[in-house]
Amino acid sequence: MTPLAFLVLAVLTVVSAATVVVHKNPVHSACALVVTLFLLSIFFVGLDAELVAVLQVIVYAGAIVVLFLFVIMLLNLQRDVRATGGPGLVTAAAACGVALTVVIATALRRAGAPATPTVPPGFGETAAVARELFTTYLVPFELTSILLLVAIVGAVALAKRQA
Amino acid sequence: MADVAIAAAKSLFIVLLVLQVMGLGVFFERKVSALIQDRIGANRAAILGFAGMGLVNTLVADPVKFLLKEDVVPAGSDRLLHFLAPILSVVPVLVTFAVVPFGDVLELGGRTINLQAASLNVGILYVLAFVSLGVYGVVLAGWASNNRWSLLGGIRGSAQMISYEIAMGLALIGVVMTYDTLDLQGMARAQGALIGGWLPAWGIFYQPIAFLIFMTAGIAESKRIPFDLPESESELVAGYFTEYSGPKHLLFMMSDFVEVVLVAALVTTFFFGGWQVPYLLRDGFHFPWGTTIALPSIAVAVLQVTAFALKLIFFTWLQIVIRWTLPRFRYDQLMRLGWQGLLPLSLANVVVTALVVVLVAGPTA
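These protein sequences, in sequence, are chains A and B.
First residue of the first sequence: 145, per the working numbering; consecutive thereafter.
First residue of the second sequence: 11, per the working numbering; consecutive thereafter.
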């Protein structure tokens, strides 16, 4: 990815991410979230991680935010319903943001200039990711699937209790 | 520079092919419906007093009429999203065709050109990603119109499309396991092999259940009868695009038909050999009874592209016949079919396919 393309994408991403937080209308916020996720997936493509990029679009942009929108529309949330938090919350969030920026900047400066990236051939391809996932990281992978199963059972249990 | 030109030419070719087949789809829609309802088809349009070309006139007059109509934006609507929704509904569908191969390779001037606009190692996932983005057009159109019918249509649409995407993706896992690749071109090439020396190794022979699930889910994704609950004229006027007129309405109609062509293209690529012509290899025909006919590369490429286009047209026609044959589902029937019918069936298909693949091929490293 050329520096110019990176810069343009970065500015667009920050603007759309800020729109998610700032915009008064919940539907517009959700749409801005989709744009943010889509732009992030372009960064992944630039990093040779096509699989991560596509999964990001399928899972987050294609499914999760659709459900957000679904709920927003079903409840018919209006702009005045949206709770943005008091001045205390905003101040705390801003302070945390500044602290995080300082931490990242310090870490980057201590790490020094990055070595020239050398990626092995086939890096980021589905086969390479899958091989790592099912050999080196098999146990965490299976544990994650149990976590998801628990979440599904929990959702079903909640739905049954409501009915 | 030459690479850019070739990529542009390939992209242009596939888009033009798709739009041509889409036009044919509209033709079938008019003519098939007339034949099925036992009446004479659309033949009333006269261009400058000339009605001699019958249906062709209608096909020319329809888009012109849409483009010239007033574009009404309802009061109290969200103007930005109302404007964006039709675009968001047609663009993801057209972009998906980038990974659909329309031929094998073309040897031209010392170059070997892969006849696929974009060769991605995540091919199938790319298709699913953009199909899943198509839902935004429907949802946002429904919400932005400030109309109860539109909103109901949009909500129905989002629930329906998410439900059927799951069965669609799971059906494709069986196909991926059979051909051991995610790339659509690799899949089309693998289907050039022969089973028992004579039967083409097309997906339909390995994965018949996945074909039925995928076709059903595909028709549901394109929101046409029997799955047209998001628009259902008899209940919601026109559902999510009730408040659309003129060129924007044309875009929604166009995305409907392009989705039909997309389902046809994907069914062709996954289950009917894509561009494969039975017994046609890169150097000509090799029939199982021993006859060989040598052909130049350009002739092979032309035959393959023609075969792909004909299969595309056939499956477009088939979907339109289905659309004019079946009545609409009720909403609970739609959800039951998706979650209690197609989902368990596609999971079972995945398990059985995995077992067969391991038993036949043995565990691979």
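All residues carry an ideal CB built from backbone N, CA and C; glycine is no exception.
Here the structure is a predicted model, which means the values were calculated and not measured.
Thinking C-alpha only, which one of the options is nearest residue i?
i: residue 189/A; options: 286/A, 210/A, 267/A, 278/A; result: 267/A
i: residue 144/B; options: 25/B, 276/B, 255/B, 233/B; result: 233/B
i: residue 184/A; options: 148/A, 245/A, 154/A, 208/A; result: 154/A
i: residue 284/B; options: 267/B, 260/B, 73/B, 323/B; result: 323/B
i: residue 274/A; options: 368/B, 210/B, 190/B; result: 190/B
i: residue 199/A; options: 181/A, 248/A, 149/A, 176/A; result: 181/A
i: residue 282/B; options: 141/B, 223/B, 210/B, 291/B; result: 210/B
i: residue 349/B; options: 328/B, 42/B, 178/B; result: 178/B
i: residue 115/B; options: 308/B, 36/B, 334/B, 360/B; result: 308/B
i: residue 253/B; options: 146/B, 88/B, 320/B; result: 88/B
i: residue 214/A; options: 166/B, 321/B, 22/B, 50/B; result: 166/B
i: residue 136/B; options: 160/A, 203/A, 234/A; result: 203/A
i: residue 108/B; options: 93/B, 128/B, 117/B; result: 128/B
i: residue 196/B; options: 206/B, 205/B, 185/B; result: 185/B
i: residue 94/B; options: 258/B, 243/B, 288/B, 188/B; result: 258/B
i: residue 217/B; options: 27/B, 70/B, 33/B, 361/B; result: 361/B
i: residue 122/B; options: 78/B, 248/B, 250/B, 12/B; result: 12/B
i: residue 216/A; options: 39/B, 85/B, 152/B; result: 152/B
Does the CB of residue i have a neighbour CB from chain A at under 9 Å?
i: residue 169/B; result: yes
i: residue 175/B; result: yes
i: residue 247/B; result: no
i: residue 157/B; result: no
i: residue 152/B; result: yes
i: residue 110/B; result: no
i: residue 13/B; result: no
i: residue 307/B; result: no
i: residue 238/B; result: no
i: residue 131/B; result: yes
i: residue 356/B; result: no
i: residue 88/B; result: yes
i: residue 142/B; result: yes
i: residue 91/B; result: yes
i: residue 161/B; result: yes
i: residue 272/B; result: no
i: residue 146/B; result: yes
Rounded to whole angstroms, what is the Cα-Cα separation between residue i and residue j?
i: residue 112/B; j: residue 124/B; result: 9 Å
i: residue 209/A; j: residue 74/B; result: 37 Å
i: residue 194/A; j: residue 303/A; result: 36 Å
i: residue 237/B; j: residue 193/B; result: 29 Å
i: residue 102/B; j: residue 269/B; result: 10 Å
i: residue 221/B; j: residue 173/A; result: 38 Å
i: residue 82/B; j: residue 17/B; result: 39 Å
i: residue 151/A; j: residue 357/B; result: 44 Å
i: residue 368/B; j: residue 224/B; result: 23 Å
i: residue 355/B; j: residue 227/B; result: 12 Å
i: residue 42/B; j: residue 331/B; result: 7 Å
i: residue 9/B; j: residue 45/B; result: For residue 9/B there is no data in the structure shown, the boundaries of chain B being 11 and 375.
i: residue 91/B; j: residue 99/B; result: 12 Å
i: residue 120/B; j: residue 336/B; result: 52 Å
i: residue 183/B; j: residue 239/A; result: 47 Å
i: residue 250/A; j: residue 237/A; result: 20 Å
i: residue 276/A; j: residue 285/A; result: 10 Å
i: residue 294/B; j: residue 37/B; result: 34 Å
In this structure, does DSSP put residue i in helix, strand or coil?
i: residue 82/B; result: coil
i: residue 391/B; result: What the structure shows of chain B is the stretch from 11 to 375, and residue 391/B is not part of that stretch, so it cannot be assessed.
i: residue 375/B; result: Residue confidence for residue 375/B is low, a pLDDT of 43 falling below 50, so the modelled location carries little weight and cannot support an answer.
i: residue 236/B; result: coil
i: residue 296/B; result: strand
i: residue 279/B; result: helix
i: residue 203/B; result: coil
i: residue 304/B; result: strand
i: residue 320/B; result: helix
i: residue 264/A; result: coil
i: residue 337/B; result: coil
i: residue 217/B; result: coil
i: residue 277/A; result: helix
i: residue 209/B; result: strand
i: residue 192/A; result: coil
i: residue 188/B; result: helix
Comparing the C-beta of residue i with each C-beta of chain B, is any distance below 9 Å?
i: residue 295/A; result: no
i: residue 172/A; result: yes
i: residue 291/A; result: no
i: residue 186/A; result: no
i: residue 183/A; result: no
i: residue 113/A; result: As shown, chain A starts at 145 and ends at 307. That puts residue 113/A outside it, with no answer to give.
Indicate, with yes or no, if the ligand FAD has a heavy atom lying under 8 Å from the CB of residue i.
i: residue 243/A; result: Among the components of this structure there are no ligands whatsoever, and the ligand FAD is therefore not found.
Within the 9 Å Cβ cut-off, does residue i reach chain C?
i: residue 136/B; result: In summary, chain C is missing from the structure at hand, where the protein chains are A and B.
Go through the segment 104-151 of chain B residue by residue and report every complete run of the alpha helix (DSSP H) that reaches 4 residues or more, in order.
133-143
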